[in-house]
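The structure under discussion appears below in the form of structure tokens.
Residue numbers (our numbering): 95 to 232.
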């Protein structure tokens, strides 16, 4: 009985020594293929009296039509990229800034003439994408 126990202990020590000398190779990071998205921005309005933008919204879906949740979307003026607000897409792929502030006068003129962009900067799963639309006084 003692000899069997000694053999088992010797075998376990040999295996432990082998594993310590030859560790398992590190696993390579999974190779993710980044996907392209389709972004659509919708017409927004601006309330001059309340000094806020209303209803700036965009939808982000995959090329296959699936909505993409939890993307951080920046709503900016077209051209100069003045930031107006930031939103995260919901389970249906919608990001919306309901009551964003109005930009300063020069950016405000740019916003009225050129519109706004909804911009996703990309991550390890999706490529960057932007969508454009206009804004009116409501």
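All C-beta atoms in this analysis are idealised placements derived from N, C-alpha and C, irrespective of residue type, glycine included.
Opposing strand residues paired with residue i [DSSP bridges]
i, result
"residue 129", "220"
"residue 230", "139"
"residue 150", "191"
Top-ranked residue by Cα proximity to residue i, from the options
i, options, result
"residue 167", "101, 148 and 225", "225"
"residue 208", "160, 170, 163 and 162", "170"
"residue 230", "212, 205 and 222", "205"
"residue 132", "232, 218 and 214", "214"
"residue 193", "180, 101 and 219", "180"
Burial state of residue i (16 or more Cβ within 10 Å)
i, result
"residue 130", "exposed"
"residue 320", "Because the chain spans 95 through 232 in this model, residue 320 falls outside it and cannot be assessed."
"residue 141", "exposed"
"residue 157", "exposed"
"residue 144", "exposed"
Through-space distance from residue j to residue i, alpha-carbon basis
i, j, result
"residue 190", "residue 173", "20 Å"
"residue 227", "residue 128", "26 Å"
"residue 183", "residue 153", "8 Å"
"residue 188", "residue 151", "7 Å"
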